[in-house]
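Asker: Residue numbers (the numbering used here), protein chains in the order written: chain A, 779 to 890; chain B, 96 to 212.
C-beta: ideal position from N, C-alpha, C; glycine also.
Below is one structure. I have some questions about it.
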Amino acid sequence: SQKIEQNSEALNIQEGKTATLTCNYTNYSPAYLQWYRQDPGRGPVFLLLIRENEKEKRKERLKVTFDTTLKQSLFHITASQPADSATYLCAPERGGSYIPTFGRGTSLIVHP
Amino acid sequence: DAGVIQSPRHEVTEMGQEVTLRCKPISGHDYLFWYRQTMMRGLELLIYFNNNVPIDDSGMPEDRFSAKMPNASFSTLKIQPSEPRDSAVYFCASSPRNTRATGNGYTFGSGTRLTVV
Chain A
779 SQKIEQNSEA
789 LNIQEGKTAT
799 LTCNYTNYSP
809 AYLQWYRQDP
819 GRGPVFLLLI
829 RENEKEKRKE
839 RLKVTFDTTL
849 KQSLFHITAS
859 QPADSATYLC
869 APERGGSYIP
879 TFGRGTSLIV
889 HP
Chain B
96 DAGVIQSPRH
106 EVTEMGQEVT
116 LRCKPISGHD
126 YLFWYRQTMM
136 RGLELLIYFN
146 NNVPIDDSGM
156 PEDRFSAKMP
166 NASFSTLKIQ
176 PSEPRDSAVY
186 FCASSPRNTR
196 ATGNGYTFGS
206 GTRLTVV
């Protein structure tokens with residue numbers, strides 16, 4: 779069955795460091811993959827979309843990579859700030875449907 | 096644009112009662128999605144519409160759940176009768192067509208926190 783794995787344990791880092799979050803998927807061949815941020819009590823907010831033919835995508839301090847061979851996406855936040863503390867959700871497309879399926883998310887805590 | 100608007104923000108109801116959740120998508124968005132989020136199962140897709148037509152309702156858990164989209168600016172998710180296991184946060188999201196081509200993702204509402212006692 780299709781499965782998305784994100785670290786269930788919170789990632790704790792110091793302000794100014796680079797945070798790296800991992801998304802692994804199995805039994806998918808997504809044409810694209812999205813990343814969202816979710817704050818407590820709020821809906822997810824779209825951050826980035828990367829297509830299968832793109833190895834890397836950047837937006838300000840954010841960088842996403844997409845390795846279709848490893849079936850993995852990495853999400854990086856450089857020069858992290860306490861305001862970056864949130865849960866980050868990975869969402870690969872659901873096998874040809876153009877509809878993403880969401881992972882459970884990884885909580886990021888940036889300490890000042 | 097005010098974004099995706101959901102109501103109510105919180106709903107507490109007794110088991111067996113009917114519950115109706117409401118959503119107003121962003122104007123011009125062709126797709127509307129209903130999701131449910133719980134600690135145990137994460138964010139699950141219940142149903143989605145394209146141009147007001149239901150396309151995939153395979154995520155709707157039981158016949159107790161139904162969704163409608165009578166026009167492009169309004170959708171409802173109804174649970175009748177409600178049960179305690181339906182307690183969750185329900186999100187509505189909308190998107191323009193060709194998400195992959197445009198590179199734009201979904202816009203989510205703030206959600207409705209449903210508690211069934």
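(1) Under a Cβ-count criterion, where at least 16 other Cβ atoms within 10 Å of its own Cβ denotes burial, should B/S153 be classed as buried or exposed?
(2) Is B/T171 helix, strand or coil by DSSP?
(3) What separation, rounded to the nearest whole angstrom, lies between the Cα atoms of A/R795 and B/S102?
(4) Closer than 9 Å by beta-carbon distance: list the chain B residues that pair up with A/L867, in chain order.
(5) Tell me where the beta strand (DSSP E) around B/A196 begins and ends.
(6) Determine, using beta carbons only, whether A/P860 and A/P818 come nearer to each other than 8 Å.
(7) State the start and end residues of the unbroken beta strand (DSSP E) segment that holds A/H889.
(8) If you drop the 5 nearest sequence neighbours on each side, which residues of the same chain put their C-beta closer than 6 Å to that of B/H105?
(9) Which class does B/D158 belong to by DSSP, given the choice of helix, strand or coil?
(10) Please list the terminal residues of the continuous beta strand (DSSP E) segment that includes A/K835.
(11) Can A/R829 and B/R192 be called in contact, C-beta distance under 8 Å?
(12) For B/T115, report the span of its beta strand (DSSP E) as first-last.
(13) Using beta carbons (cut-off 8 Å, strictly below), is A/I877 in contact with chain B?
(14) List the endpoints of the continuous beta strand (DSSP E) containing A/F853.
(15) With distances taken from CA atoms, which of B/W129, B/D151, B/P149 is nearest B/S205?
(16) Of all the residues that make up the segment 799-826 of chain A, which are near chain B by a beta-carbon distance shorter than 9 Å?
(17) Please tell me whether A/Y806 and A/P878 are closer than 8 Å, where the distance is taken between their beta carbons.
(18) Below 8 Å on the Cβ atoms is my contact criterion, and I expect B/G200 with B/S189 to pass it. Report the Cβ-Cβ distance as a whole number of Å.
(19) Indicate the three-state DSSP secondary structure (helix, strand or coil) for A/A861 in the structure shown.
(20) Below 7 Å CB to CB, which residues in the same chain sit around B/F203 once its five sequence neighbours on both sides are set aside?
(21) Just how far apart, CA to CA, sit A/A788 and A/Y814?
Answerer: If we stick to the structure as given:
(1) Counting from one through the second sequence, the residue named residue 153 of chain B turns up at place 58. B/S153 comes out exposed.
(2) The sequence position of residue 171 of chain B within the second sequence is 76, counting from 1. B/T171 carries a strand assignment under DSSP once its states are collapsed to helix, strand and coil.
(3) If you number the first sequence from 1, residue 795 of chain A lands on position 17. If you number the second sequence from 1, residue 102 of chain B lands on position 7. Residue 795 of chain A is actually Lys in this sequence, not Arg. Approximately 39 Å between the Cα atoms of the pair.
(4) Along the first sequence, one-based indexing puts residue 867 of chain A at 89. Those within 9 Å of A/L867 in chain B are G137, L138.
(5) Indexing the second sequence from 1 puts residue 196 of chain B at position 101. Taken as a continuous stretch (DSSP letters only), B/A196 belongs to no beta strand (DSSP E), being part of the alpha helix (DSSP H) at 194-197.
(6) Locating residue 860 of chain A in the first sequence gives position 82, counting from the first residue. Locating residue 818 of chain A in the first sequence gives position 40, counting from the first residue. No; because the gap between Cβ atoms is not below 8 Å, this pair is not in contact.
(7) Residue mapping note: residue 889 of chain A aligns to position 111 of the first sequence, counting from 1. Its beta strand (DSSP E) spans residues 884-889.
(8) As a first step, residue 105 of chain B is located in the second sequence; it is residue number 10 there, counting from the start. R208, listed in sequence order.
(9) Your numbering for residue 158 of chain B matches position 63 in the second sequence. In this structure, B/D158 counts as coil in the three-state DSSP scheme.
(10) Taking the first residue of the first sequence as 1, we reach residue 835 of chain A at position 57. Element bounds for A/K835: 834-837.
(11) Stepping through the first sequence from its first residue, residue 829 of chain A is reached at position 51. Stepping through the second sequence from its first residue, residue 192 of chain B is reached at position 97. Result no, Cβ atoms of A/R829 and B/R192 do not sit closer than 8 Å.
(12) What you label residue 115 of chain B is simply residue 20 of the second sequence in a count that begins at 1. 114-119 is the extent of the beta strand (DSSP E) around B/T115.
(13) Here residue 877 of chain A refers to the residue found at position 99 of the first sequence. Yes, A/I877 counts as interfacial toward chain B.
(14) Start at 1 with the first residue of the first sequence, and residue 853 of chain A comes out as number 75. A/F853 -> beta strand (DSSP E) spans 850-855.
(15) Here residue 205 of chain B corresponds to residue number 110 of the second sequence, with the count starting at 1. Of B/W129, B/D151, B/P149, the residue nearest in Cα terms is B/W129.
(16) Cβ contacts with chain B: A809, Y810, Q812, W813, Y814, Q816, G819, R820, G821, P822, V823, F824, L825, L826.
(17) Taking the first sequence and counting its residues from 1, the one referred to as residue 806 of chain A is at position 28. Taking the first sequence and counting its residues from 1, the one referred to as residue 878 of chain A is at position 100. Taking 8 Å as the Cβ cut-off, A/Y806 and A/P878 do not qualify as a contacting pair.
(18) In the second sequence, the residue the question calls residue 200 of chain B occupies position 105. In the second sequence, the residue the question calls residue 189 of chain B occupies position 94. Not really, about 11 Å apart at Cβ, beyond 8 Å.
(19) Numbered from its first residue, the first sequence carries residue 861 of chain A at position 83. If DSSP states are grouped into helix, strand and coil, A/A861 belongs with the helices.
(20) Residue mapping note: residue 203 of chain B aligns to position 108 of the second sequence, counting from 1. Taken in chain order, the residues that qualify are V99, F186, A188.
(21) Within the first sequence, residue 788 of chain A is the residue found at index 10, counting from 1. Within the first sequence, residue 814 of chain A is the residue found at index 36, counting from 1. For A/A788 and A/Y814, the distance between alpha carbons rounds to 16 Å.
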